[in-house]
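K.L.:
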Amino acid sequence: MVDETYGGGPEAGGHRAVPHTADVRIEAWGPTREQCLVEAVLGLVECFADVAGVRPARVRRIPVADAADDDLLADLLDEVIFRLEVHGEVPVDVEAESDADGLDVRMAMADVGSVEVTGAVPKAVSLGELHLAPGPYGWTCAATVDV
């Protein structure tokens, strides 16, 4: 399915955004749960900003508490939106590893003023239709984000 739908093999990860009227659907995939979540964050950022070539100003280490897979996806995307709204920063690179408490996420952050805003800024993650699960070709996830 990954080969046919997204053009990558089992080791490939990726993401895409599917626009709707007042929201955007982020779809992501990766060989591991952690890579799939990283791709979801990158997909969220790409739906409103061009971060290509932007140098990060700082690195944030963000613990994300262990939760059901769908809740983990929502919590991580909510954290990105929170940091955008409250701290005025956007991730330009992301890494994630599982640990005993959930996820250890590292985000290389840039000030939002240093990136080109290309679309509507996300406001919230919709709790309906969240999906994060393993499949035969790795992990896939999807979330709808209000803009």
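The numbering used here applies: residue 1 is where the sequence shown begins, and numbers increase by one.
We put the CB at the ideal spot given by N, CA and C, even for glycine.
If you follow the beta strand (DSSP E) that His131 is in, where does it begin and where does it stop?
P.N.:
By 1-based counting over the sequence shown, the position of residue 131 is 131. Its beta strand (DSSP E) spans residues His131 to Gly135.
K.L.:
Compare the beta carbon distance of Cys47 and Leu132 with 8 Å and say whether it is the shorter of the two.
P.N.:
Locating residue 47 in the sequence shown gives position 47, counting from the first residue. Locating residue 132 in the sequence shown gives position 132, counting from the first residue. Not in contact: Cys47 and Leu132 (Cβ atoms no closer than 8 Å).
K.L.:
With DSSP as the reference, please indicate the residues paired to Arg106 in a beta bridge.
P.N.:
Here the question's residue 106 lines up with position 106 in the sequence shown. Beta-bridge pairing links Arg106 to Arg61 and Glu95.
K.L.:
Would you mind reading off the limits of the alpha helix (DSSP H) that contains Val41?
P.N.:
Mapped onto the sequence shown, residue 41 falls at position 41. Counting along the chain, the alpha helix (DSSP H) containing Val41 begins and ends at Arg33 to Glu46.
K.L.:
Buried or exposed: Gly7, going by 16 or more other Cβ atoms within 10 Å of its Cβ?
P.N.:
Here residue 7 refers to the residue found at position 7 when the sequence shown is read from its first residue. Confidence at Gly7 is low in this model, with a pLDDT of 48, below 50, so its placement is unreliable and the value that follows should be read with caution. Exposed is the call here.
K.L.:
Helix or strand or just coil, what does DSSP make of Val112?
P.N.:
Along the sequence shown, read from residue 1 onward, the residue named residue 112 stands at position 112. Three-state result, Val112: helix.
K.L.:
Run the CB neighbour count on Pro122, radius 10 Å, all protein chains shown included, and call it buried at 16 or more, exposed below.
P.N.:
As a working note, residue 122 is residue 122 in the sequence shown. Around the C-beta of Pro122, 16 or more other C-beta atoms lie within 10 Å, and the residue is accordingly described as buried.
K.L.:
Please state if the CB of Ala96 and the CB of Val105 are separated by a distance shorter than 8 Å.
P.N.:
For the purposes of this step, residue 105 is taken as residue 105 along the sequence shown, with counting starting at 1. For the purposes of this step, residue 96 is taken as residue 96 along the sequence shown, with counting starting at 1. It is a contact, given that the beta carbons lie within the stated cut-off.
K.L.:
Quick one: residues in its chain with C-beta nearer than 7 Å to the C-beta of Trp29, no 5 flanking neighbours on either side, listed in chain order?
P.N.:
As a first step, residue 29 must be located in the sequence shown, where it is residue number 29. Excluding residues up to 5 positions away in sequence, Val2, Tyr6, Gly13, Gly14, Cys36, Glu39, Gly138, Trp139 and Thr140 lie with their Cβ nearer than 7 Å to the Cβ of Trp29 in the same chain.
K.L.:
Determine the closest residue to Ala110 out of Pro56, Arg83 and Arg33, with distance taken between C-alpha atoms.
P.N.:
Residue 110 sits at position 110 when you count from the first residue of the sequence shown. Check the Cα spacing between Ala110 and each of Pro56, Arg83 and Arg33: the tightest is with Pro56.
K.L.:
Give me, in chain order, the residues of the same chain whose beta-carbon lies closer than 7 Å to that of Asp93; leave out the 5 immediate sequence neighbours on both sides.
P.N.:
Counting from one through the sequence shown, the residue named residue 93 turns up at place 93. Hits under 7 Å: Pro56 and Ala108.
K.L.:
Taking Val24 as part of the beta strand (DSSP E), name the residues at either end of that continuous run.
P.N.:
To locate residue 24, count along the sequence shown from 1; it is residue 24. That run of the beta strand (DSSP E) goes Asp23 to Gly30.
K.L.:
For Val18 and His87, I'd like the C-alpha separation in whole angstroms.
P.N.:
As a position in the sequence shown, residue 18 is number 18, starting the count at 1. As a position in the sequence shown, residue 87 is number 87, starting the count at 1. So the two alpha carbons sit approximately 27 Å from each other.
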